[in-house]
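Q:
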Amino acid sequence: MLRSSAALALLAACRAAGPAPRVPEPAPLPAEGTSPNEYLRRYGGEWVPEIKNVSDGREWQDAFMKKYAAAYRHYAEEWQQMNVLLAGAPHSPASCGTLSCLKRWHDAALAKIKKYVPETYQPLAEGSLNKTYEHYKKIIEAKEAQSANNSNASASPTLLLASMEPSATPHEQAEWYVNHYAGKWVPKVHNVSDGQEWWKNYMHHHAERYVHYAQDSQRIAREFRNAPANAADCHTLGALKEWRDAQMARTKAFVPKAFQGFTQKAVDDKFEQNKARIAREEAAKAAQSANGTAAAVGLAALPEPTGEQQPDSHMDDYANQWIPHPPSGSSSPEWYINHYAGKNIPKIHNASDRHEWQEHFMNNYAGAYQHYWADAERIQKEFGNAPRHASDCHNLAELEQWRDAQRARMEAFVPKMWQRMASESVDREFQANKSRIAQEHQEANASKPVVSVLLAADAQPASAEEKMDYAEQWIPHPAGGSASPEWYINRYAGHWAPKIRNASNGQEWKSHFLNKYAEAYKHYADDAERLSREYKDAPQRASDANTTEQLEAWKGAQLARIHAFIPKTFQSYAEESVEEGYRQNRARIEEEAAKPAAASRAPAASHVALTANGTSSTAVVTVLLTVSSMGALMMIIAFHLSRRCTERDVMDDSYMQV
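Numbers -16 to -1, 1 to 642, taken from mature numbering (1 follows the signal peptide of the UniProt record, and there is no 0), label the letters of the sequence shown in order.
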């Protein structure tokens, strides 16, 4: 009863605790062919502005300014508007010869003060501006009066100038009040009445990081003022290239460098689409203007490239018009890389050397994946003859071989958290093709007569020579009739194959690969040898352990191998699997250790059971004895009755004789 209560209490506690928390599933990888916008939304999130058309540099500019420079954007806009509105105003009052010209200068300077000078100091700036305005107003009026009255030409201007000289007292100057009461809190402005100087000072101190956007916008507007706004508006290749150059300039000016690759890719794609459209338009125009027959003859007369022509001639004749031209006319591949890729491309000294590209990638990105080479080599040896697809299998043995190969690759290259789904997919495909193979065999046995089978068998090549003759028609033949394996390598692999002197020597292939790529994998062999020495007494499997010490040794060996050969990203999953196996086998060992103790307590329990049931056993024995006694008594009575009957018969016979 106590054990049952404890079990029920434990079950209730487990139910109350709820299910164990599961590791959240990672976000699935994007499908092949995902657009750049999808990458930006998925991996950039809220850090990237919402752009409808990533190839539109102006939209990038507006989005960036809206998101990151909203507090300073209005200064650039107001500066542009001010330049447009005040384009006709003079820059200095000294250049004004009429009151209307001086009035325009005054209004322009006053507008700049209202826009860029803080309200606290606007009265000071306006006061200085008004004094300057009155000063030059009197000069202009004096000149006009002098021209109107030539008789007083020498005296009047002198008197007027003398009357309008500003006071030399510093207390009457606006600058004195600013320096006296504001001190270091006011920007260093030489002329407080010059609104342009106020604007430049403010932009220099508070918006210097964003002022270049306005400058870049003006520069691009000047350089590409004749460029079409949209690629669809272009009807010549020159106009389309001008549109592309303008878009590239806007991209480099306003799009962050981390995302310029997406924008440039979109611009290039749109350029190619519209280039094809322009080519079709030009072809249609040419077809309309020329005679159809003449066009057909002209096309037929085009010379077909011959083997004697050099590749450069093909480039000049057919591909030159479709290739972008660098400024120098003939630049190296590095020019294209720097022009279109920038710093997103690795530092390669010779861009035409594919081996340098390969070595750079292996040195920088392949360190965490080095152990996959050994797994790939092992799987190739074990399952090199297995079919590549389940649909290629036509008997159950081939299908099982395909399944074993798929499971081996899955265990070697698929993370453990995804192996279950991959295994289920392989099993489903196995069952589907197993049914297909069974149906194929059934249909073949039902519809194919024996004679046809014999005839078909006779038609197949019998000897190896006949088989080679049959396959000869499907094998490509070199120009020389019979060539070495090197011919096929140079023909179909080219510069992608390593420089092997003897292509039929497998040892040379192996040595070349190990010397070139496997140097970085050498430490795996050292780690494997070290672990074999340290954990030579550890069981191979957890199920082989019979004591907790052996199980601990197995666990230590497994964790050491995980830390040596599995990338850190996936070590946690492998460690969880080891911990689970450790817990299960520890429970098994403890259960096995508890069985002898339970067996030793069994006789005592039997004795107690007999003692407890003594009363019932005694009652049964009593009943049996009672029944036996009654049977014996009945037998004795029957014996005596039969004996008396016999004696009576004997007495009757004696009496009759007498």
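Backbone N, C-alpha and C define an ideal beta-carbon position, used for all residues, glycine too.
Could you check what DSSP says for residue 524 in three-state terms: helix, strand or coil?
A: As a position in the sequence shown, residue 524 is number 540, starting the count at 1. Coil at residue 524, not helix or strand.
Q: Taking the straight line between their C-alpha atoms, what separation do you get for residue 89 and residue 181?
A: Here residue 89 refers to the residue found at position 105 when the sequence shown is read from its first residue. Here residue 181 refers to the residue found at position 197 when the sequence shown is read from its first residue. Roughly 15 Å between the two C-alpha positions.
Q: Would you give the residue range spanned by the alpha helix (DSSP H) that residue 107 belongs to?
A: Residue mapping note: residue 107 aligns to position 123 of the sequence shown, counting from 1. Segment 106 to 132, the alpha helix (DSSP H) holding residue 107.
Q: Based on Cα-Cα distance, which residue from 418, 121, 98 lies nearest to residue 110?
A: Translated into the one-based positions of the sequence shown, residue 110 becomes position 126. Residue 110 has its Cα closest to that of 98, out of 418, 121, 98.
Q: Would residue 541 pass as a contact of residue 522 if the rule is Cβ separation under 8 Å?
A: For this step, residue 541 is matched to residue 557 along the sequence shown. For this step, residue 522 is matched to residue 538 along the sequence shown. Against a cut-off of 8 Å, the Cβ pair of residue 522 and residue 541 comes out as a contact.
Q: Can you tell me whether residue 500 is helix, strand or coil according to DSSP?
A: Counted from its first residue, the sequence shown places residue 500 at position 516. Three-state result, residue 500: helix.
Q: Can you tell me whether residue 73 is helix, strand or coil according to DSSP?
A: Within the sequence shown, residue 73 is the residue found at index 89, counting from 1. It is coil, neither helix nor strand.
Q: Look at the alpha carbon of residue 262 and the alpha carbon of residue 217, and state the distance between them as a whole number of angstroms.
A: To locate residue 262, count along the sequence shown from 1; it is residue 278. To locate residue 217, count along the sequence shown from 1; it is residue 233. Taking the straight line from one Cα to the other gives about 11 Å.
Q: Are there three or more Cβ pairs, one per stretch, closer than 8 Å when the region 411 to 420 is compared with the region 376 to 396?
A: Because the criterion of three Cβ pairs below 8 Å is met, the region 411 to 420 and the region 376 to 396 touch.
Q: Taking the alpha helix (DSSP H) that residue 368 falls in, what are its first and last residues?
A: The count along the sequence shown starts at 1 and reaches residue 368 at position 384. Careful: residue 368 lies outside any alpha helix (DSSP H) and carries neither H nor E.
Q: Give me, in chain order, the residues of the same chain whose beta-carbon lies closer than 8 Å to that of residue 399; leave out the 5 immediate sequence neighbours on both sides.
A: On the sequence shown, residue 399 is found 415 positions in, with the first residue counted as 1. Excluding positions up to five away in sequence, the list reads 554, 557.
Q: My assumption, with CB atoms under 8 Å, is that residue 238 sits in contact with residue 48. Please give the rounded CB distance.
A: Here the question's residue 238 lines up with position 254 in the sequence shown. Here the question's residue 48 lines up with position 64 in the sequence shown. About 6 Å; that satisfies the 8 Å criterion.
Q: Let me check understanding here. Comparing Cα to Cα, which of 100, 499, 345 lies closest to residue 177?
A: Within the sequence shown, residue 177 is the residue found at index 193, counting from 1. Minimum Cα distance to residue 177 is reached at 100.
Q: So is residue 81 buried or exposed if we call it buried at 16+ other beta carbons inside 10 Å?
A: Working through the sequence shown from its first residue, we reach residue 81 at position 97. Its Cβ having fewer than 16 others within 10 Å, residue 81 is exposed.
Q: Contact between the region 211 to 228 and the region 196 to 203 is defined here as three or more beta-carbon pairs at a separation below 8 Å; is this criterion met?
A: No contact exists between the region 211 to 228 and the region 196 to 203.
Q: Enumerate in chain order the residues of its own chain whose CB-to-CB distance from residue 378 is below 8 Å, with the five nearest sequence positions on each side excluded.
A: Here residue 378 is taken as the residue at index 394 of the sequence shown, counted from 1. If we look at residue 378 and ignore the five residues flanking it on each side, its Cβ neighbours are 421, 424.
Q: In chain order, which continuous runs of the alpha helix (DSSP H) of length 4 or greater are located wholly inside the region 509 to 570?
A: If we require 4 residues or more, the alpha helix (DSSP H) runs fully inside the region 509 to 570 come out as 532 to 549.
Q: Taking only three categories from DSSP, how would you classify residue 356?
A: Here residue 356 corresponds to residue number 372 of the sequence shown, with the count starting at 1. In this structure, residue 356 counts as helix in the three-state DSSP scheme.
Q: Threshold first: 4 residues or longer. Then list the alpha helix (DSSP H) segments lying entirely within the region 221 to 253, N to C.
A: With a minimum length of 4 residues, the continuous alpha helix (DSSP H) runs that stay inside the region 221 to 253 are 221 to 238.
Q: Which class does residue 102 belong to by DSSP, given the choice of helix, strand or coil?
A: Taking the sequence shown and counting its residues from 1, one reaches residue 102 at position 118. It is coil, neither helix nor strand.
Q: Which residue marks the beginning of the alpha helix (DSSP H) containing residue 421, and which one marks its end?
A: One-based indexing of the sequence shown puts residue 421 at position 437. It spans 400 to 431 - the alpha helix (DSSP H) in which residue 421 sits, taken as one unbroken run.
Q: Run through DSSP, which three-state label would residue 337 get?
A: By 1-based counting over the sequence shown, the position of residue 337 is 353. Coil, per DSSP.
Q: Span of the alpha helix (DSSP H) holding residue 396?
A: Here residue 396 refers to the residue found at position 412 when the sequence shown is read from its first residue. Residues 380 to 397.
Q: Quick one: Cα of residue 529 to Cα of residue 536, how far?
A: Mapped onto the sequence shown, residue 529 falls at position 545. Mapped onto the sequence shown, residue 536 falls at position 552. Their Cα atoms are separated by approximately 9 Å.
Q: Quick check on residue 179: buried or exposed, where buried means 16 or more other Cβ atoms within 10 Å of its Cβ?
A: Taking the first residue of the sequence shown as position 1, residue 179 is located at position 195. The residue in question, residue 179, is buried, as its Cβ has 16 or more Cβ neighbours within 10 Å.
Q: Sort 231, 505, 380 by Cα distance to residue 357 and report the nearest one.
A: Position 373 of the sequence shown, counted from the first residue, corresponds to residue 357. Ranking 231, 505, 380 by Cα distance to residue 357 puts 505 first.
Q: Does DSSP put residue 211 in a helix, a strand or coil?
A: Locating residue 211 in the sequence shown gives position 227, counting from the first residue. Here residue 211 sits in coil by DSSP.
Q: Can you tell me which of the three DSSP states residue 262 falls into?
A: In the sequence shown, counting from the first residue as 1, residue 262 sits at position 278. It is helical.
Q: Tell me, to the nearest whole angstrom, how far the beta carbon of residue 406 is from that of residue 366; I am working on the premise that it is less than 8 Å.
A: Working through the sequence shown from its first residue, we reach residue 406 at position 422. Working through the sequence shown from its first residue, we reach residue 366 at position 382. Contact doesn't hold; Cβ gap of about 18 Å is too wide.
Q: In whole angstroms, what separates the C-alpha of residue 576 from that of residue 518?
A: For the purposes of this step, residue 576 is taken as the residue at position 592 of the sequence shown. For the purposes of this step, residue 518 is taken as the residue at position 534 of the sequence shown. Near 29 Å, if we compare the C-alpha coordinates of residue 518 and residue 576.
Q: Using the C-alpha atoms, what's the distance from residue 579 back to residue 608?
A: Stepping through the sequence shown from its first residue, residue 608 is reached at position 624. Stepping through the sequence shown from its first residue, residue 579 is reached at position 595. Reliability of the predicted coordinates at residue 608 is poor, the pLDDT of 42 falling under 50, and the value obtained from them is presented with this limitation in mind. Near 40 Å, if we compare the C-alpha coordinates of residue 579 and residue 608.
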